[in-house]
Amino acid sequence: MTDFWKFFGNFFVFYFFFQILRQIKMFLTRSEYDRGVNTFSPEGRLFQVEYAMEAVKLGTTTIGIQSKEGIVLVAERRAVSRLLSLDSMKKISKIDKHIVAASAGLIADARTWVDRARTESQDYFFTYGQRIGIGHVTMKVSEIALHFGDDESTIRLGRPFGVAMLFAGVDHTGTALYHLDPSGTYIRCIAKAIGAGGDGAEQALIEHCKECDKKMTLAQAQKVALTTLKQLMEEKISNKNVEIVIIKPEMEDGEMTGKITWLNEEEIGQALIGLE
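Here the working numbering is used: position 152 in the sequence shown is 132, and no number is missing along the way.
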């Protein structure tokens, strides 16, 4: 009987230390995969890409909704210091006369994507004599999102981009809204929210934006976007900390293109009246 308890005690000690060593090994293994930007973990995860997606959630909230009349983009502008001018905190950028892009995440990374999108758009126009499609320009930007860890690339990057972007505009297919994330994945949407309040806004959009591209007017889409943003913002919403851009389809020289309108502070103030 004594031998049994002695054996049981030795087995328990061995098992205890085995579990400790196993945990240490798992910790060291994860650290190893953390350092490699293009190395998959045994679970099939790229931790650096996941961290980049978390960086997007530190950015301000941006919402895009496609209606039957066009697309509305609404973005929160937040100054981290009172010494900063909100006019310099632009979240929505013009890519071409028919395309705009709204971002959430690291501003410097967003500017890199915007510059690439503008370059690709102009190259396409000078090469083919027509405006680039929304999906095509999104695909071109997604290519540089995958340049980290590519040994054969001449512009190899040390980390993934910590930014997500909404591309909106009008091409030969009509109005289109695309979402691009740090992994290089892009997908067409009828409504999408990114940034700090992205998850909460998504729930509201699911509820209010069913078939919004077929049934909702631009005014209704704008109201849904602003109401959703108001509920998620930490600061009180005003005409100074919100940016609104509207894209409407129109014909120009027999070609379908987009008319892009930036709302000024007075127009934004009018849009905020009567929000729930």
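Idealized CB from N, CA, C, for every residue including glycine.
- With a cutoff of 8 angstroms on beta-carbon distance, Thr19 and Gly178 are scored as not near each other.
- Apart from sequence neighbours up to five positions away, the residues of its chain that approach Ile167 with a beta-carbon distance below 8 angstroms are Tyr158, His159, ordered along the chain.
- Glu30: member of the alpha helix (DSSP H) spanning 27 to 36, first to last residue.
- Secondary structure within the stretch 201 to 249: the beta strand (DSSP E) runs of 3 or more consecutive residues, fully enclosed, are 222 to 232, 235 to 242 (chain order).
- In this structure the stretch 191 to 204 does not touch the stretch 22 to 29; the number of beta carbon pairs closer than 8 angstroms is below three.
- For the pair of segments examined, the stretch 44 to 56 was found not to touch the stretch 111 to 125: the number of CB pairs separated by less than 8 angstroms stays below three.
- For Leu126 and Ile217, the gap between their C-alpha atoms comes out near 36 angstroms.
- Of the residues Thr237, Trp242, Lys210, the one whose Cα lies closest to the Cα of Ile253 is Lys210.
- Pairing Glu34 with Cys192, the inter-Cα distance amounts to about 28 angstroms.
- DSSP, read as helix, strand or coil, puts Gly149 in strand.
- In the three-state reduction of the DSSP assignment, Ile112 falls in the coil class.
- Minimum Cα-Cα distance from Gly164 among the listed residues Lys120, Thr92, Ala148 corresponds to Lys120.
- Out of Glu232, Ile227, Pro229, Asn221, the CA that lies nearest to the CA of Ser68 is found in Asn221.
- Out of Lys77, Tyr31, Thr207, Asp95, the CA that lies nearest to the CA of Glu182 is found in Thr207.
- With contact defined as three or more Cβ pairs closer than 8 angstroms, the stretch 136 to 153 and the stretch 79 to 89 are in contact.
- Comparing alpha-carbon positions, the option among Arg58, Gly154, Trp93 lying closest to Arg111 turns out to be Gly154.
- Exclusion of the five residues before and after Ala32 leaves Pro140, Gly142, Pro162 as the residues of its chain whose Cβ lies within less than 6 angstroms of its Cβ.
- Bridge partners of His159 according to DSSP: Leu146, Ile167.
- In this structure, DSSP gives Glu23 a state outside helix and strand, which the three-state scheme calls coil.
- Here DSSP, grouped into helix, strand and coil, assigns Lys74 to strand.
- In terms of Cβ geometry, Val150 and Gly39 do not form a close pair [threshold 8 angstroms].
- The residues Leu160, Gly164, Tyr166, in chain order, have a CB closer than 6 angstroms to that of Ser122 in the same chain once the five nearest residues on each side in sequence are set aside.
- Residue pairing from DSSP places Ala55 in a beta bridge opposite Thr42, Glu223.
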